[in-house]
Amino acid sequence: MNYFCQSLWAIFVKDIVTELRSKQVLPTMIVLGMLIVYVMRIVCEAPSTSTIVIGPAVLWIAFLFSGLLAQERSMAAEEQENCIAGLLLAPIDPGTIYIAKLFVNVIMLCVFEAVVVPMAFVAFQLSVADRWIQFIIVLLLGNIGISSIGTLFSAMVQLTRGRGALLSILVLVILMPMMIPATFALLALFSAIPIKVEGYGALAFVGSFNSAVGYMTAFDAVFFVAGWLLFGFVIKD
Amino acid sequence: MPTIFGVQSTPYIVIIMSNRPQNNQNSEPVITITSVSKAFGFRSVLKNIDFHVQMAQGVCICGVNGAGKSTLLHIIAGLLKPTQGAVKICGLDVNSEPKAKSQLGVILHKSMLYPDLTVFENLLFFAKLYGVKDSRDRVKELLEDFGLLPYRYDKAGVLSRGMLQRLAIARAMVHRPVVLLADEPFTGLDMEASRYFISILDKFRAGGGTFIMTTHNANLALQCCDRIVVLDENHFIFDAETSQIDADRFIENYLIYARSPD
Amino acid sequence: MRRILLLLAFVLLQISTWMALTLGQIAGPPANPDSVVRNILYVHVPSSMCALLCFVVLMVCSIGYLCTNRPTWDLVAAATAEVGTVFATVLNLTGMVFSHAEWGTWWTPSPRLITSAILWFLYIVYLILRANITQSQHRKARICAIFGIIAFLDVPMVYASARFIPDVHRANFSFTSAWQTTAFMLNMAAMVLLAILLTWLKTDILKNKAMLEKESTY
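Residue numbers (our numbering), protein chains in the order written: chain A, 18 to 254; chain B, 345 to 606; chain C, -15 to 202.
Following this line, the structure appears as structure tokens:
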């Protein structure tokens, strides 16, 4: 257990230090996020559009696409000098590498959100009233879901020709179902829809804010466990 | 005894059945490779390799390009899984028991070092990764032993090839392994760096360590190893102790073989 | 053996199509009583079953490959992905035609319909992933197997619960006569048989291709 924590912490610190030193990804992510928010604001400038409805959509799009940048880097950095072999030669479980990289990606997305979310609030005139804690929980659940799939797939695409482009289609197609409860949760928080929705349609299927959070947690748990178990198969030969 | 490479040595097939050159020590072999085969699809790269290495023995695996030397080394290191057979380091199976990996230090073609981290940070990372106690002290000790102290704040990406190789060796030894594996370690090294590497191997062997090296430079192989094996196609064709080999004849015949391996 | 099954599938399809066209339209919640397009249901529902069946087989083969590392599992998975893509395309297109004829809209974002779209996308992305890995067959097989497992974990959660919740996509329709039910069942059987046969044929083609490409490693 002690060894597990120590090796996890070592890989985590190594990745954070590398990122802080090279400053490769975080600035690019943040600028991309800002650009997405502003482009969407400009594009949705018809008189009848309600910005509270578009806001959550824009947030998730920004997270998804910028998250891809972070995830791509997380495994690409290990390809340089065959460092992945260096990690595999150590007596650690590949799952440990996965969890460490997952933490790094989640932290990067959190930093990204800290900058871009206020910007989106300003651009789309959003407000969460007093539901801050729920808002942060929803964002965190989204982060974990996006990062857990992204970390696993970024290890996969290192072995392919397509790399970045391929990573984007892989991650987006797998995260499509999670976006339904995620959108519901944010729409409910921004008071665009009532907390409980009846009738037909995707939103009604989710039903209520609590079940949206439940769905997201379920997706996160499944993706995390699947990623942890399957990571070894990806990086070992 | 038949003559292979101008040297009177027992051919490998006979070695299994009759008396092989035995080491003085009668202890259990440190590295045991039993019936290892590796096939990539329809192409058989290694077939039924049986190989034992005793403690404090330095083995060199020679062969032409594509003979399977790197594959064999990767299998011993646990990076590749053999299609058949098992590899045991100090009695522990390398694929199923993580403790076996903590006895191994490996040097490959690429340095496996992070270019953005300094020399000190690279070594510290690997020390922590292997669970070395008092990692900082161990890293300082390594920096002194390998003469890397003046470079400790330099990023690994700016080091010269010779220094990078030293750092790679230090990285391989950070957890005090019992076995050292090196894949073509002399590539790109000048005479001085090669001599330095050989001195490290000698010191390692004197301390009771075992190493396996692959190279296609028969000269250097004779200088630093106790035992030379030659891999051809997918099996060993030659296995003898260096003390029993006449250097010039061996090199001459080996070069002839290397140019036309039929 | 395969020729017999192929003939059987062909005959069944012919019979059921003839029966479908001559037996009048399927009854159901009346939206447009004179529409003949209703009969597209004969194709829509079985192709949905087949697309899902192919998906399940894909997942099973993925797990099989990861456990045993035998190339056959991977070849069957690849064949299933291709056949499944065809059925998923048919599913989506027939669904769109049907809903336009019945209700006037081409598509709405209800869970069932979203899931069908996701199914199609998953198949397509699987095929793109396969095409993008060129180094070795073993690596390709392993990576696609992992993607297959994650994809399967993704979909059924939404799909299974969609059956139990009222949805725009109506899951109930009734037949006016026993003949229609028979026609429907025949069509279902024919489609499933076709799916199995196509997968079988494709697996053989892929196997021969892999044998010919001796220089590429598996």
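By construction, the Cβ of each residue, glycine as well, lies at the ideal position given by its N, Cα and C atoms.
On the criterion of 16 or more Cβ atoms from any shown chain inside 10 Å, does residue -9/C qualify as buried, or is it exposed?
Looking up residue -9/C in the third sequence gives position 7. It counts as exposed.
Residue from 537/B, 553/B, 596/B and 582/B whose Cα sits closest to the Cα of residue 563/B
For the purposes of this step, residue 563/B is identified with residue 219 of the second sequence, where counting begins at 1. Minimum Cα distance to residue 563/B is reached at 596/B.
For residue 203/C and residue 387/B, what's the separation of their Cα atoms in angstroms?
Absent from the structure is residue 203/C, since the part of chain C shown begins at -15 and ends at 202.
Given that a residue counts as buried once 16 or more other Cβ atoms are within 10 Å of its Cβ, and exposed if not, what is residue 195/C?
Walking along the third sequence from the start, residue 195/C turns up at place 211. That one is exposed.
Got a sec: is the Cβ-Cβ distance from residue 469/B to anything in chain A below 9 Å?
Working through the second sequence from its first residue, we reach residue 469/B at position 125. Output row for residue 469/B: interface = yes.
Just the C-alpha distance for residue 169/A and residue 115/A, rounded to the nearest angstrom, thanks.
By one-based count along the first sequence, residue 169/A stands at place 152. By one-based count along the first sequence, residue 115/A stands at place 98. Taking the straight line joining both Cα atoms gives about 7 Å.
Give the interface partners of residue 454/B over in chain A, defined as CB-CB distance under 7 Å, in chain order.
Stepping through the second sequence from its first residue, residue 454/B is reached at position 110. Result: 98 and 99.
Using DSSP with H/G/I as helix, E/B as strand and the rest coil, what is residue 451/B?
As a first step, residue 451/B is located in the second sequence; it is residue number 107 there, counting from the start. In the structure shown, residue 451/B sits in a strand (DSSP, three-state: E or B).
Keeping to the same chain, check which residues put their C-beta closer than 7 Å to that of residue 518/B; ignore five residues upstream and five downstream.
Mapped onto the second sequence, residue 518/B falls at position 174. Same-chain partners within the cutoff: 467, 470, 471, 474, 476, 482 and 486.
Close-in-space but distant-in-sequence residues of the same chain around residue 522/B (CB under 7 Å, 5 per side omitted):
Translated into positions along the second sequence, residue 522/B becomes position 178. Closer than 7 Å at Cβ, skipping near neighbours: 374, 434, 447, 553 and 554.
So with Cβ pairs under 9 Å, would you call residue 163/A a contact of chain C?
Reading the first sequence from its first residue, position 146 is the one you call residue 163/A. No, residue 163/A does not count as interfacial toward chain C.
Considering only the alpha carbon of each residue, which of 85/C, 57/C, -6/C and 34/C lies closest to residue 103/C?
Position 119 of the third sequence, counting from 1, holds the residue named residue 103/C. The residue with the shortest Cα to Cα distance from residue 103/C is 34/C.
Give the range of the alpha helix (DSSP H) segment to which residue 45/A is assigned.
If you number the first sequence from 1, residue 45/A lands on position 28. 43 to 60 is the extent of the alpha helix (DSSP H) around residue 45/A.
My understanding is that residue 98/A touches residue 507/B, with C-beta atoms under 8 Å, so please give their C-beta distance in whole angstroms.
Taking the first sequence and counting its residues from 1, one reaches residue 98/A at position 81. Taking the second sequence and counting its residues from 1, one reaches residue 507/B at position 163. So it is not a contact: roughly 14 Å between Cβ atoms.
Start-to-end residues for the beta strand (DSSP E) that takes in residue 557/B
Position 213 of the second sequence, counted from the start, is the residue given in the question as residue 557/B. Unbroken beta strand (DSSP E) run through residue 557/B: 554 to 559.
Cα-Cα separation, residue 134/A to residue 189/C:
Taking the first sequence and counting its residues from 1, the one referred to as residue 134/A is at position 117. Taking the third sequence and counting its residues from 1, the one referred to as residue 189/C is at position 205. Using only the alpha carbons, I get a separation of about 52 Å.
Counting only runs that start and end within the stretch 81 to 128 of chain C, where is the alpha helix (DSSP H) found for 4 or more residues in a row?
95 to 116
Tell me the rounded alpha-carbon separation between residue 493/B and residue 484/B.
The count along the second sequence starts at 1 and reaches residue 493/B at position 149. The count along the second sequence starts at 1 and reaches residue 484/B at position 140. Going from the Cα of residue 493/B to the Cα of residue 484/B covers about 8 Å.
Which residues in the same chain as residue 63/C place their Cβ atom closer than 7 Å to its Cβ, once the five residues preceding and following it in sequence are excluded?
Counting from one through the third sequence, the residue named residue 63/C turns up at place 79. Hits under 7 Å: 183, 186, 187 and 190.
Using a Cβ cut-off of 9 Å (strictly closer), state whether residue 185/A contacts chain B.
Walking along the first sequence from the start, residue 185/A turns up at place 168. No, its Cβ sits nowhere closer than 9 Å to a Cβ of chain B.
How is the alpha helix (DSSP H) around residue 32/A delimited, first residue to last?
Residue 32/A sits at position 15 when you count from the first residue of the first sequence. Segment 19 to 39, the alpha helix (DSSP H) holding residue 32/A.
Minimum C-alpha distance to residue 138/C - residue among 156/A, 34/A and 194/A:
Sequence index remark: in the third sequence, residue 138/C carries index 154 (1-based). For the residues 156/A, 34/A and 194/A, the minimum Cα distance to residue 138/C belongs to 194/A.
Let me confirm a value: residue 550/B is counted as buried when at least 16 other C-beta atoms fall within 10 Å, else exposed. Which label applies?
Counting from one through the second sequence, the residue named residue 550/B turns up at place 206. That one is exposed.
Please determine if the stretch 391 to 406 of chain B and the stretch 564 to 580 of chain B are in contact, where contact requires at least 3 C-beta pairs separated by less than 8 Å.
yes
Residue 346/B, DSSP secondary structure in three states
The count along the second sequence starts at 1 and reaches residue 346/B at position 2. Note that residue 346/B scores 47 on pLDDT, short of 50, meaning its location in the model is unreliable and no value can be drawn from it.
Residue closest to residue 206/A, alpha-carbon to alpha-carbon, out of 46/A, 178/A, 171/A and 147/A
In the first sequence, counting from the first residue as 1, residue 206/A sits at position 189. Here the closest residue by C-alpha is 147/A.
Should the stretch 491 to 505 of chain B be called in touch with the stretch 63 to 81 of chain A, which here means at least 3 C-beta pairs below 8 Å?
no
Along the alpha helix (DSSP H) that carries residue 227/A, what are the first and last residues, could you check?
Working through the first sequence from its first residue, we reach residue 227/A at position 210. That run of the alpha helix (DSSP H) goes 226 to 252.
What alpha helix (DSSP H) runs, 4 residues minimum, are completely inside the stretch 398 to 486 of chain B?
413 to 421, 442 to 445 and 463 to 473
Measuring only the C-alpha atoms, how far is residue 424/B from residue 39/A?
Residue mapping note: residue 424/B aligns to position 80 of the second sequence, counting from 1. Residue mapping note: residue 39/A aligns to position 22 of the first sequence, counting from 1. Each residue's alpha carbon lies about 32 Å from the other.
Can you find the residues in the same chain that come closer than 8 Å, C-beta to C-beta, to residue 246/A, ignoring five residues on each side of it along the sequence?
Position 229 of the first sequence, counted from the first residue, corresponds to residue 246/A. Here the set comprises 112.
How about residue 47/A and residue 83/A: are their beta carbons less than 9 Å apart?
On the first sequence, position 30 is the one that residue 47/A refers to. On the first sequence, position 66 is the one that residue 83/A refers to. Result yes, Cβ atoms of residue 47/A and residue 83/A sit closer than 9 Å.
So is residue 58/C in contact with chain A if we call contact Cβ pairs under 9 Å?
As a first step, residue 58/C must be located in the third sequence, where it is residue number 74. Closer than 9 Å: no.
Three-state class that DSSP yields for residue 579/B in the structure shown:
Within the second sequence, numbered from 1, the residue matching residue 579/B stands at position 235. Strand, per DSSP.
With 16 other Cβ atoms within 10 Å as the buried cut-off, status of residue 118/A:
Looking up residue 118/A in the first sequence gives position 101. So residue 118/A ends up on the buried side.
Kindly list, in the order they appear in chain C, the residues whose Cβ is closer than 8 Å to that of residue 71/A.
What you label residue 71/A is simply residue 54 of the first sequence in a count that begins at 1. Correct list: empty, because the minimum Cβ distance to chain C is about 16 Å.
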